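Novice: First to last, the sequence lines map onto chains A and B.
Once you know that position 129 of the first sequence is 131 in the numbering used here, the rest is easy, because the numbers rise by one and skip nothing.
Once you know that position 60 of the second sequence is 62 in the numbering used here, the rest is easy, because the numbers rise by one and skip nothing.
One structure follows; several queries about it will come next.
Number of protein chains: 2
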Amino acid sequence: MCTRKILTMRKSFLFLDTVANKVDAKGRVSLPADYRAIVKELSTEIVCYRSLTAPCIEGCTEDLLEKLATDIENSTDFFSETQDDLTNLIFGDAKRFSFDSTGRIMLTEKLLKHADITDTAVFVGKGRKFQIWSEANWAAEEARLREKIKLNRPSLKEESK
Amino acid sequence: MCTRKILTMRKSFLFLDTVANKVDAKGRVSLPADYRAIVKELSTEIVCYRSLTAPCIEGCTEDLLEKLATDIENSTDFFSETQDDLTNLIFGDAKRFSFDSTGRIMLTEKLLKHADITDTAVFVGKGRKFQIWSEANWAAEEARLREKIKLNRPSLKEESK
DNA sequence: TGGTATAACATGGTATTTTATGGGAATCAA
DNA sequence: TTGATTCCCATAAAATACCATGTTATACCA
C-alpha cells in the first residue's frame, strides 16, 4: 500500500526479487504483488513469451515491447539483421496476460512446458523484464550465474578474501 | 534533526557512520535515522541484496538501481547475453524495503542468513551504498581492512607509530 | 558552563490490511 | 453436454501500519 503510493509519485519501475508462487490445478498463478503494482501504475499489461536462450518464460510490460518496436523502426543500423529476426520471433510468440481481481494470470500450456513448470513458478526480477522458472531450473541457473561472476571478476574475489 | 536540515539544503547523500541496531523476532530493524533522512529526501526507497563477495547484506537507494538499469539498457543491446546474466543476478536478488512510521524495515530470512545475523545488525556506511553485518563478521572485517591499510600504506604506519 | 526541558530515537507489542491460494458459480465455445 | 475460462467469495498466513514506553541525544536557559 505504501509501495503503491510511492510508485504513484515516482518513476521507479523495476521488477525485483525472486518469488515462488504456486500454479494451481487450473493453471493459475499469482503475479507477485510488486509486479502488479507496476502494471497498474503504468496502465499497461504483462506480456510473456518463451525465452530464446533459456528454459524459462520471459515477461515484461507491453510498454517495453512498444519501445523495442519503435527503436527498430527508427534505426536501421542499430539493430543487426539477426536481432531483427530475434525480434520477429519474440513478437510472434508474445502473448498478453491480464490478471483477475485476486491478481492471478493463467499461463498457457506452451509456456509452462517450455519452462518445465508443473506446480511452482519462480518469478525472477530483471529490472525492466522478469523471468519465470521452474524451481529446479532456476536453482541450476542461479548456481551457474554465481559461479560465472566469480570467474569473470577476479578483483571481486580478491576483495572478499 | 540538524542532519535533516543540512540534507535539505545540500545535495550530500552519503551513507555514513556505523550503527548497531537490534533485530527482533520478526526480523524488524530500525534503519538508522540518518539513512531514513536520505531516503525521504530523495523520495526513493531502500533496496537490499546479498553481497556477491562478502557475508553481509548490501543496500542502496532504488534510484541507484534505476540508473544501473538504464545504463545497462543503453550500453548493450536488447538481446545481449552478458546483460541477461548480470541483470538476473542483481535485480533477481534485490528486494525493495520500505520502513514503517517508526522507521523499521523487515529483513528477509534469506538476507539475514547470508550475513549470519541473528539479533543485532550493524549498519556500515559506504557512501552511495551501505552494508549490514553481524557483529562478529563486522569485527573481523574491520580488523582485516585496517590491517590491509597498514600493509599497503607504510607512511600511515609511520605516523601512527 | 552546567543543568534541565524537550524532542528524537530505538524497540516491544498489537491491530489492521494485503496477499496468496483454494473452491464454487457463472459464462462461453465447441 | 463437456471442457475450459472468467469472476467472485472465503480463509489462513504474512506483511504492514499504528500505539506505547524507556532511553538517549539535542536544544534551551540560567
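Just so you know, even glycine gets a beta-carbon here, dropped at the ideal spot from N, CA and C.
Model, not experiment: these values are computed from the prediction.
1) Is there a Cβ of chain B sitting closer than 9 angstroms to that of A:K150, yes or no?
2) Give me, in chain order, the residues of the same chain whose beta-carbon lies closer than 6 angstroms to that of A:C4; leave out the 5 immediate sequence neighbours on both sides.
3) Measuring alpha carbon to alpha carbon, tell me which of A:G127, A:A142, A:D87 ends up nearest A:A71.
4) Report the three-state DSSP secondary structure of A:V49 (helix, strand or coil).
5) Are three or more beta carbon pairs between the segment 25–34 of chain B and the segment 93–113 of chain B nearer than 8 angstroms?
6) Return yes when the Cβ of A:D121 is within less than 9 angstroms of the Cβ of A:R52, no when it is not.
7) Counting contacts by CB-CB distance shorter than 9 angstroms, is B:E144 in contact with chain A?
8) State yes or no: is the beta carbon of A:V126 nearer than 9 angstroms to at least one beta carbon in chain B?
9) Between the alpha carbons of B:K152 and B:R146, how many angstroms are there, rounded?
10) Can you pull the chain B neighbours of A:T20, defined as C-beta to C-beta under 8 angstroms?
11) Taking the beta strand (DSSP E) that A:K69 falls in, what are its first and last residues?
12) Within the continuous beta strand (DSSP E) that includes B:K128, where are the two ends?
13) With 9 angstroms as the threshold, decide whether the Cβ of B:V31 is near any Cβ in chain A.
14) Write down the C-beta distance between B:K131 and B:C62 rounded to the nearest angstrom, noting that I regard them as a contact closer than 8 angstroms.
15) Strictly by DSSP, which residues pair up with B:I134?
16) Is there a Cβ of chain B sitting closer than 9 angstroms to that of A:G105, yes or no?
17) Report yes if the C-beta distance between A:F101 and A:V41 is below 9 angstroms; otherwise report no.
18) Looking at chain B, is there any beta carbon in it that lies within less than 9 angstroms of the beta carbon of A:T55?
19) Mapping the DSSP letters down to three states, classify B:R169 as helix, strand or coil.
20) Indicate whether A:V124 and A:V21 have their beta-carbon atoms separated by less than 9 angstroms.
21) At 8 angstroms on the CB atoms, spell out the chain A contacts of B:L109, in chain order.
22) How would you list, in chain order, the residues of chain B whose beta-carbon sits under 7 angstroms from the beta-carbon of A:R52?
23) In chain order, what residues of the same chain lie with their CB nearer than 8 angstroms to the CB of B:L91, ignoring the 5 residues before and after it?
24) Based on the DSSP secondary-structure assignment, which residues constitute the bridge partners of B:F17?
25) By DSSP, does A:V31 sit in helix, in strand, or in coil?
26) Is there a C-beta anywhere in chain B that falls below 9 angstroms from the one on A:L147?
27) Find out if the Cβ-Cβ distance for the pair B:T46, B:E75 is shorter than 9 angstroms.
28) Name the chain A residues whose beta carbon is nearer than 7 angstroms to that of B:D87?
29) Should A:K112 go down as buried or exposed, given a rule of 16 or more other Cβ atoms within 10 Å for buried?
Specialist: In terms of the structure at hand:
1) As a working note, residue 150 of chain A is residue 148 in the first sequence. Closer than 9 angstroms to some Cβ of chain B, the Cβ of A:K150 qualifies, so yes.
2) Here residue 4 of chain A is taken as the residue at index 2 of the first sequence, counted from 1. Bear in mind that a pLDDT of 35 at A:C4, under 50, signals an unreliable position, so the number given afterwards is only what the model happens to contain. Around A:C4: no qualifying Cβ.
3) Along the first sequence, one-based indexing puts residue 71 of chain A at 69. Closest by alpha carbon: A:D87.
4) On the first sequence, residue 49 of chain A is found 47 positions in, with the first residue counted as 1. Looking at A:V49 - three-state DSSP - the assignment turns out to be strand.
5) yes
6) For the purposes of this step, residue 52 of chain A is taken as residue 50 along the first sequence, with counting starting at 1. For the purposes of this step, residue 121 of chain A is taken as residue 119 along the first sequence, with counting starting at 1. In this structure, A:D121 does not lie closer than 9 angstroms to A:R52 by Cβ.
7) On the second sequence, position 142 is the one that residue 144 of chain B refers to. Taking Cβ atoms only, chain A never reaches closer than 9 angstroms to B:E144, which makes this a no.
8) Position 124 of the first sequence, counted from the first residue, corresponds to residue 126 of chain A. By this cut-off, A:V126 is an interface position.
9) Stepping through the second sequence from its first residue, residue 152 of chain B is reached at position 150. Stepping through the second sequence from its first residue, residue 146 of chain B is reached at position 144. Between B:K152 and B:R146, the C-alpha separation is close to 10 angstroms.
10) Indexing the first sequence from 1 puts residue 20 of chain A at position 18. What A:T20 touches in chain B, judged by beta-carbon distance under 8 angstroms, is G94, D95, going in chain order.
11) Taking the first residue of the first sequence as position 1, residue 69 of chain A is located at position 67. First-last for A:K69: 64–76, but that is the alpha helix (DSSP H), not the beta strand (DSSP E).
12) To locate residue 128 of chain B, count along the second sequence from 1; it is residue 126. Start and end: 122–128.
13) If you number the second sequence from 1, residue 31 of chain B lands on position 29. No - not a single Cβ of chain A is within 9 angstroms of the one on B:V31.
14) As a position in the second sequence, residue 131 of chain B is number 129, starting the count at 1. As a position in the second sequence, residue 62 of chain B is number 60, starting the count at 1. Right, the Cβ-Cβ distance comes to about 4 angstroms (below 8 angstroms), so this counts as a contact.
15) Numbered from 1 along the second sequence, position 132 holds the residue referred to as residue 134 of chain B. Answer is B:I59, B:F125.
16) Working through the first sequence from its first residue, we reach residue 105 of chain A at position 103. Output row for A:G105: interface = no.
17) Counting from one through the first sequence, the residue named residue 101 of chain A turns up at place 99. Counting from one through the first sequence, the residue named residue 41 of chain A turns up at place 39. Yes. Within cutoff.
18) As a first step, residue 55 of chain A must be located in the first sequence, where it is residue number 53. Closer than 9 angstroms to some Cβ of chain B, the Cβ of A:T55 qualifies, so yes.
19) Here chain B covers residues 3 to 163 and nothing more, so residue 169 of chain B does not appear.
20) Reading the first sequence from its first residue, position 122 is the one you call residue 124 of chain A. Reading the first sequence from its first residue, position 19 is the one you call residue 21 of chain A. Remark: C-beta atoms of A:V124 and A:V21 approach each other more closely than 9 angstroms.
21) What you label residue 109 of chain B is simply residue 107 of the second sequence in a count that begins at 1. Under the 8 angstroms cutoff, chain A gives no residues; its nearest Cβ is about 13 angstroms from B:L109.
22) Position 50 of the first sequence holds residue 52 of chain A. Those do not exist, as A:R52 stays about 14 angstroms from chain B at its closest Cβ, beyond 7 angstroms.
23) Within the second sequence, the letter at position 89 stands for residue 91 of chain B. Only L54 meet the Cβ criterion.
24) Reading the second sequence from its first residue, position 15 is the one you call residue 17 of chain B. Bridge partners of B:F17: B:G129.
25) Sequence index remark: in the first sequence, residue 31 of chain A carries index 29 (1-based). Strand at A:V31.
26) On the first sequence, position 145 is the one that residue 147 of chain A refers to. So, interface residue.
27) Position 44 of the second sequence, counted from the start, is the residue given in the question as residue 46 of chain B. Position 73 of the second sequence, counted from the start, is the residue given in the question as residue 75 of chain B. Their beta carbons are not under 9 angstroms apart, which means B:T46 does not touch B:E75 by this criterion.
28) For this step, residue 87 of chain B is matched to residue 85 along the second sequence. The answer, in chain order, is L147, K150.
29) Along the first sequence, one-based indexing puts residue 112 of chain A at 110. Its Cβ having fewer than 16 others within 10 Å, A:K112 is exposed.
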